[in-house]
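Okay, structure first, notes after.
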Amino acid sequence: MTTTTADVTFTANTEVLGDRPILRLPQEASDQLPSRGQVAVDGTLDGTDFSTVIEPDGLRGHWISLDDDQWAKLGKNEGAEVEVGLTPTKTWPEVTVPSDLCTALDAAGDLDDVWSGLTPMARWEWVRWIKATKNADTRARRVEVAISKLESGKRRPCCFDLSSCTDPELSKSGKLLGLS
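All letters in the sequence shown, in the order written, are residues 1 to 180 by the UniProt record's numbering.
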């Protein structure tokens with residue numbers, strides 16, 4: 001794929017929040033996406049293909065977390081201008097399950113088929129809900145609740161704002177740091 005065939009094209013500058021490199025989408029680009037929440041995309045960063053789930057910023061916009069390889073290819077320079085092309089996709093990449101949830105799923109024993117039977121998007125939502133807190137007690141409770149809900153047949157977590165930024169390292173009150 002090239003940026004000329006992408007549904008959404010734009011130029012953005014790299015930023016570092018805390019120690020994490022990110023790319024904020026211009027509002028005009030976010031407005032073209034199908035959801036104010038997470039969106040699975042195939043895309044290009046300066047012509048290099050990638051697939052990811054872009055995150056909401058809590059204010060009707062989105063941002064992309066840059067992994068180590070992407071950051072290196074972009075020169076590891078904050079403020080670097082990047083040509084971006086994005087095409088929303090219904091094919092979600094597999095989420096990395098955090099160790100506390102993985103341990104709880106393994107300990108439950110009877111949830112292997114349930115977990116693998118969820119859509120990748122639903123697995124992303126469970127992981128996102130569990131990780132959306134800095135409080136260790138709250139997180140542990142969410143893992144317990146997730147296991148209980150999965151055991152009772154629930155396929156998705158309930159009652160959280162999908163358009164909020166829920167990366168606790170980069171957000172406060174559901175909004176990406178540096179936004180007001």
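All residues carry an ideal CB built from backbone N, CA and C; glycine is no exception. Remember, predicted model here, so these are calculated numbers, not experimental data.
Item: Among all the DSSP beta bridges, which residues are the ones paired with residue 207?; Value: What the structure shows of the chain is the stretch from 1 to 180, and residue 207 is not part of that stretch, so it cannot be assessed.
Item: Using 10 angstroms around the beta-carbon of serine 171, count the other beta-carbons present and answer buried if the total reaches 16, otherwise exposed.; Value: buried
Item: Quick one: measure Cβ to Cβ for glycine 58 and leucine 176, integer angstroms, because I've assumed they're closer than 8 Å.; Value: 6 Å
Item: Output the boundary residues of the beta strand (DSSP E) element that contains valine 145.; Value: Where valine 145 is concerned, there is no enclosing beta strand (DSSP E), although the alpha helix (DSSP H) it sits in stretches over 136-151.
Item: Relative to the C-alpha of leucine 150, which residue among Thr14, Val114, Ala40 is closest?; Value: Val114
Item: What are the uninterrupted segments assigned as beta strand (DSSP E) that are 3 or more residues long and contained completely in the stretch 27-65, given in chain order?; Value: 39-45, 48-56, 62-65
Item: Could you spell out the range, first to last residue, of the alpha helix (DSSP H) harbouring glutamate 125?; Value: 120-131
Item: Just confirm the distance between the C-beta atoms of alanine 12 and valine 97, as a whole number of angstroms; I'd bet it's less than 8 Å.; Value: The Cβ separation is near 30 Å, so there is no contact.
Item: Hey, is the stretch 154-173 in contact with the stretch 123-135, meaning 3+ C-beta pairs nearer than 8 Å?; Value: yes
Item: Assign proline 34 to one of two classes, buried (16 or more other C-beta atoms within 10 Å of its C-beta) or exposed (fewer than that).; Value: exposed
Item: If we count the other Cβ atoms within 10 Å of its Cβ and call it buried at 16 or more, is threonine 52 buried or exposed?; Value: buried
Item: How should residue 216 be labelled, buried or exposed, when 16 other C-beta atoms within 10 angstroms of its C-beta is the threshold for buried?; Value: A query on residue 216 cannot be resolved here, the shown segment of the chain reaching from 1 to 180 and no further.
Item: For alanine 40 versus tryptophan 92, is the C-beta distance shorter than 7 Å?; Value: yes
Item: Counting only the same chain and skipping the five closest in sequence on each side, list residues whose C-beta sits under 7 Å from that of serine 152.; Value: none
Item: Three Cβ pairs or more, each shorter than 8 Å: is that satisfied between the stretch 106-123 and the stretch 64-84?; Value: no
Item: Helix, strand or coil for proline 172 per DSSP?; Value: In the sequence on display, residue 172 carries lysine and not proline. The answer is strand: DSSP assigns lysine 172 an E or B state.
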